[in-house]
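**Q**
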Amino acid sequence: MTAQLERRIFIKGRAGSGKSTLLKKLASAAEQKGIDVQVFHCGFDPNSLDMLIFPKLQTAIFDSTAPHEYFPDRDGDEILDMYIRTIAPGTDEAHAAEIAGIKARYSEKMKEATSHLAEAEAIDSQIKAYYVAATDFSIVEKLHLQLLSELNELIGSIQPS
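Numbering (our numbering), first residue to last: -4 to 156.
(1) Comparing C-alpha positions only, which one of ILE56, GLN27 and ILE150 sits nearest to MET(-4)?
(2) Give the C-beta separation of THR47 and ALA22 to the nearest angstrom, bearing in mind that I take them to be a contact with Cβ-Cβ under 8 Å.
(3) For VAL127 and THR86, what's the separation of their Cα atoms in angstroms?
(4) Can you tell me which of the three DSSP states VAL127 falls into?
(5) From the DSSP output, which residues share a beta bridge with ALA55?
(6) When the Cα atoms are used, what is the spatial distance from LEU142 to ASP76?
(7) Of the choices HIS36, ASP58, GLY29 and THR109, whose alpha-carbon is the least far from that of LEU52?
(8) How many angstroms separate the CA atom of HIS90 from the CA atom of ALA83?
(9) Judging by CA-CA distance, which residue of LYS104, SER133, ILE6 and ASN147 is the nearest neighbour of PRO67?
(10) Give a yes or no on whether the C-beta atoms belonging to SER12 and TYR101 are separated by under 9 Å.
(11) For HIS139, report the span of its beta strand (DSSP E) as first-last.
(12) Among residues of its own chain, excluding the 5 on either side of GLN33, which ones have a beta-carbon nearer than 6 Å to its beta-carbon?
(13) What is the DSSP secondary structure of ILE122, counted as helix, strand or coil?
(14) Between which two residues does the beta strand (DSSP E) containing ASP40 stretch?
(15) ASP31 and PRO50 look like a contact to me (Cβ under 8 Å); what is the Cβ gap, rounded to whole Å?
(16) Taking 9 Å as the cut-off, decide whether the C-beta atoms of ILE176 and ILE4 are in contact.
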């Protein structure tokens, strides 16, 4: 999705370091200034943003932490480390036990969520297989040709003579 873009900004940082807030503020500022922006929400939290793409600027800026962690691998890639920029030094050390517990629970919940997604994908594939088996594609093709013919007639009738 971002491969064709000239610039990619990988946002790094712990939960709570402002990644989604930064993306929300950028999206809002772009909207206010009339800059075209594509907004991508987090699949697990619709109130959180994961990525913005600015097509005319050839730029993407996105959350690049687990469970969707990526690393720069070409020219035009850069890291924006929110942890270094926003978290006071010594915070991890002062709260190491609490952070370790939260990190373990988060990791476990992500594994659980991923397993549910895999199960949903399997069920979706099964449902699609039922529909494919029950569909008469010759009827679908006839409908396709009929609609195509009607559209061509409609287009022909509105073209200036």
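Just so it is clear, CB atoms sit at the ideal spot from N, CA and C, and this is done for glycine as well.
**A** According to the structure data:
(1) To locate residue -4, count along the sequence shown from 1; it is residue 1. Nearest of ILE56, GLN27 and ILE150 to MET(-4), Cα basis: ILE56.
(2) Translated into positions along the sequence shown, residue 47 becomes position 52. Translated into positions along the sequence shown, residue 22 becomes position 27. The amino acid at residue 47 is misidentified as Thr; the sequence shows Leu. The Cβ separation is near 6 Å, so the contact holds.
(3) As a first step, residue 127 must be located in the sequence shown, where it is residue number 132. As a first step, residue 86 must be located in the sequence shown, where it is residue number 91. Answer to the nearest angstrom: the Cα atoms are 55 Å apart.
(4) Here the question's residue 127 lines up with position 132 in the sequence shown. Of the three classes helix, strand and coil, the one that applies to VAL127 here is helix, per DSSP.
(5) Counting from one through the sequence shown, the residue named residue 55 turns up at place 60. Beta-bridge pairing links ALA55 to ARG3 and ILE48.
(6) Working through the sequence shown from its first residue, we reach residue 142 at position 147. Working through the sequence shown from its first residue, we reach residue 76 at position 81. Each residue's Cα considered, the two are about 53 Å apart.
(7) For the purposes of this step, residue 52 is taken as residue 57 along the sequence shown, with counting starting at 1. Residue GLY29 is the option with its Cα nearest to LEU52.
(8) Here residue 90 refers to the residue found at position 95 when the sequence shown is read from its first residue. Here residue 83 refers to the residue found at position 88 when the sequence shown is read from its first residue. Cα to Cα, the separation comes out at about 12 Å.
(9) Start at 1 with the first residue of the sequence shown, and residue 67 comes out as number 72. Nearest of LYS104, SER133, ILE6 and ASN147 to PRO67, Cα basis: ILE6.
(10) Taking the sequence shown and counting its residues from 1, the one referred to as residue 12 is at position 17. Taking the sequence shown and counting its residues from 1, the one referred to as residue 101 is at position 106. Going by C-beta atoms, SER12 is not nearer than 9 Å to TYR101.
(11) Against the sequence shown, residue 139 aligns to sequence position 144. It is not in any beta strand (DSSP E) - HIS139 instead sits in the alpha helix (DSSP H) that spans 132 to 153.
(12) Here residue 33 refers to the residue found at position 38 of the sequence shown. Cβ neighbours of GLN33 beyond the five flanking positions: ILE48.
(13) Along the sequence shown, read from residue 1 onward, the residue named residue 122 stands at position 127. Reduced to three states, the DSSP call for ILE122 is helix.
(14) Here the question's residue 40 lines up with position 45 in the sequence shown. It is not in any beta strand (DSSP E) - ASP40 carries neither H nor E in the DSSP assignment.
(15) Against the sequence shown, residue 31 aligns to sequence position 36. Against the sequence shown, residue 50 aligns to sequence position 55. ASP31 to PRO50, Cβ: 6 Å. Contact.
(16) No answer is possible for residue 176: the residues shown for the chain start at -4 and end at 156.
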